[in-house]
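Residue numbers (our numbering), protein chains in the order written: chain A, 50 to 377; chain B, 6 to 530.
For reference, the structure is listed below as structure tokens.
This is the structure:
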């Protein structure tokens, strides 16, 4: 068990270094930050001096080494754009992204599960067909378009919900701000959460439906029916339970991608999260923020995958037997 | 937010009632723009949105009115020292206080000079001719220049004055230094003399300002300003349509017509201090991107042909949807040195242009055009339209459009043959254009002269106007320089940009030529 964890940890570290290396190579193609940092009056000599002082003239390998060294100490420097420490900037923005991701993940899971079960049980129902057709829209429409459409209907025409921002937030301790506790904060969450969760919701719904149909065909369901158990006990007690294992795995893994790919939703709704921060940083070639953001996303994926691997190890006895067999 | 909007619309109607009764009332303006101020440090970033926001908090010695003229602010008057033409004498306003209550004196101006001239300041180049400042008495400052600088007060409109005691107490005597790796206190805290003081700031989310009771000028009608950057154009406009903001500064040209027809929303347009032009390398013996052996732009015929082929009115109608002022003059109209003759342009003549090209290159030639796609209004579309126009006369242009962070280094490193650039003139004087775009690149001159134009006579004239004190004589030399530059067709100007502000009905905001609206001058119907 310990050897397994150590091996996975080592692999995770290698993944992180690889992500850092790839992103660093990419930064060379994003452009020159100096132009955005100085006014148009700055002389060429001044620009060179600033470039020198930031170490941008050093060979890329040296810059990379310096970045890794600092990153190991949790030090990501000062943002070129906002002049604030990068770690603080990201930590400040993280609550907004995590709250949005959690709400949309939960929404996707609950609604997706309910609709999936319903369409599996009432396979030929009219409503089921309507839901299945509508879900195609969720899968195929780009997030950007869905966001703009929702804004148009609910903010501009009906004026029920705010079009952008996070509403009023309440600070919890030094490092967390929440929108859950205010009315405007909760209202502001609705549209972006629906936009971000729609794709996952249709994905989960289709997954649940397919798994459920599969399980309903198995022998033990037939036997359960034959025993005279109520439809409710068969469907929810036996069938649904057995569908849930893959669904939970997928939902967990999708949570990582919701956080990582909230960029578009955050841009459309002007949501002050890390995704919007990243996009603004790319426009400005704010290398310290871009590097720290990509490292953070890599870390989130690595941690989630590590947890999933460990869960498999705990859940699936075959993995353990295999290892034990090899050891002897 | 809905609640807030409701409360605000209530308070707006209450304000209307109160105004009818002749009483003043608290009024909030929610102001949305494409980008946030990068910092609140007054001497760090010489950048549009940063200056526009800071102007509400920090005062300047001299202000720029909407018509482009200079008006007194913290300095009530200024003159060249009667005995020494290299000294500017500034007479300061008395009885002004900073937001923390301390008095504004000559010491603060001298200190602000030291800070703005510091190595890490973003405004050093604007005050490059300043040797030092000295307080003569409590309300008089002598600014020693390296030579006579008759137009220097034009450079004071973006020079914010900070409180010396505050800066020293908070250890912010110098602006942010990136390499030091620490955040400066002044990045998020302010103490100015401006009409508004900072209430709260969440970078890139919301900045709240409220009126400063001790402001020396007329009490503003707008008592609270909520500044919200909204980078996405569709969201910005939606926020205005849904009543969540009152004033949108960056309105995309394609939305203007629709917004004009929307009830409750007004559009104000005005010329911006920025012209958009093409420039090309006519100096080097060869080009990097052409298929001919010599440099096609070195032939006057080709430069003339390109001028004949550029259909400025078509660009205005199709690309800019009417939101531009076509012009052949490579400078905005408020700038000293601009003339009607320079501005005038003829109708395109493709036959004559094609003939001129054929006279040099019977089979035409090809060249690459470098263009930014995220810097100016519809910049990429302007380039695309021009590629089509030049194609009609036998110039096969391949378009390389990319982000500004990749485009501008091409000009700086002289790696482009033919490019698009926009230029604003913050000093409102031609010398600024000459110094950066026309003079041969050497020392502090010619930083944006990507076409490598070089004419020793013109260079000598440019250097001479820097220290000329007789303004008539100086203007004559400026006219002479322009004559040469226009004759050599150094630039192929397209148009001047227009700005559009969208506001909720009842707010009267003037379009500022530097795109730096002043909310304390806003009136409310």
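Glycine is no exception: its CB is placed at the ideal position from the N, C-alpha and C atoms.
Residue environment: residue 169/B is assigned as buried (16 or more neighbouring CB atoms within 10 Å of its CB, all protein chains considered). Closest by C-alpha distance to residue 508/B, out of 180/B, 65/B, 247/B and 221/B, is 247/B. The alpha carbon of residue 297/B has as its nearest neighbour, out of 309/B, 365/B and 264/B, the alpha carbon of 365/B.
Note on geometry: alpha-carbon atoms of residue 527/B and residue 193/A lie some 35 Å from one another. Flagged as an interface residue toward chain A: residue 413/B, by a C-beta distance shorter than 8 Å.
Sorting 50/B, 221/B, 383/B and 470/B by C-alpha distance to the C-alpha of residue 407/B places 383/B at the top. Under the Cβ distance rule, residue 106/A does not count among the residues neighbouring chain B, no pair being separated by less than 8 Å.
Membership of residue 76/A in the alpha helix (DSSP H) is indicated by the continuous run 51-76.
If you look at residue 509/B, you'll find it in the beta strand (DSSP E) that goes 496-509. Residues of chain A with a Cβ closer than 7 Å to the Cβ of residue 235/B are, in chain order, 213 and 319. Within the region 198-213 of chain B, contact with chain A at the beta-carbon level (separation under 9 Å) is assigned to 207, 208, 209, 210 and 211. For the region 172-184 of chain B, residues whose beta-carbon sits nearer than 9 Å to a beta-carbon of chain A comprise 181, 182, 183 and 184. For residue 194/A, there are no C-beta contacts with chain B under 8 Å, since the nearest C-beta of that chain is about 10 Å from it. Pairwise C-beta distances place the region 494-505 of chain B in contact with the region 327-342 of chain B, as three or more of them are shorter than 8 Å. Chain order gives the chain A residues near residue 127/B as 87 and 88, where near means a beta carbon separation below 7 Å. Under the three-state reduction of DSSP output, residue 44/B falls in the coil class, being neither helix nor strand. The shortest C-alpha to C-alpha distance from residue 152/A to any of 248/A, 242/A and 328/A is the one to 242/A. Residue-level contact check: residue 44/B touches chain A, since one or more beta carbons of chain A fall below 8 Å from its beta carbon. Under DSSP, residue 97/A shares a beta bridge with no residue. Scanning its chain for C-beta atoms nearer than 6 Å, with the 5 sequence neighbours on each side dropped, one finds around residue 229/B the residues 33 and 215, in chain order.
Identification of residues in the region 259-273 of chain B having a C-beta nearer than 9 Å to some C-beta of chain A yields an empty set. Taking C-beta atoms as the reference points, residue 141/A and residue 188/B fail to come closer than 8 Å. Residues of the region 51-69 of chain B that bring their beta carbon within less than 7 Å of a beta carbon in chain A comprise 51 and 52, in sequence order.
Within the region 169-235 of chain A, the complete beta strand (DSSP E) runs of at least 3 residues fall at 219-221 and 225-227. Per DSSP, reduced to three states, the secondary structure at residue 377/B is strand. Here the region 386-406 of chain B lies against the region 365-374 of chain B, with 3 or more beta-carbon pairs under 8 Å apart. Among the residues of the region 195-209 of chain A, those with a Cβ less than 8 Å away from any Cβ of chain B are 197, 200, 201, 204, 205, 208 and 209, in the order of the chain. With contacts defined by Cβ atoms closer than 8 Å, residue 191/B and residue 46/B form a contacting pair. Of all residues in the region 114-136 of chain A, those with a C-beta nearer than 7 Å to a C-beta of chain B are 126, 127, 129, 130, 131, 132, 133 and 134, reading in chain order.
For residue 471/B, there is no enclosing alpha helix (DSSP H), as DSSP marks it with neither H nor E. In the DSSP assignment, residue 392/B falls within the alpha helix (DSSP H) that extends over 384-396. Residue 320/B sits close to residue 499/B, with the two beta carbons spaced by under 8 Å. The C-beta of residue 50/A has fewer than 16 other C-beta atoms within 10 Å across all chains shown, which makes the residue exposed. Listed along the chain, the chain A residues whose CB falls inside 9 Å of the CB of residue 192/B are 131, 132 and 133. With respect to residue 347/A, residue 64/A sits close: the two C-beta atoms are nearer than 8 Å. Neighbours of residue 93/A in chain B, taken as residues whose beta carbon is under 7 Å from its own, are 417 and 452 in chain order.
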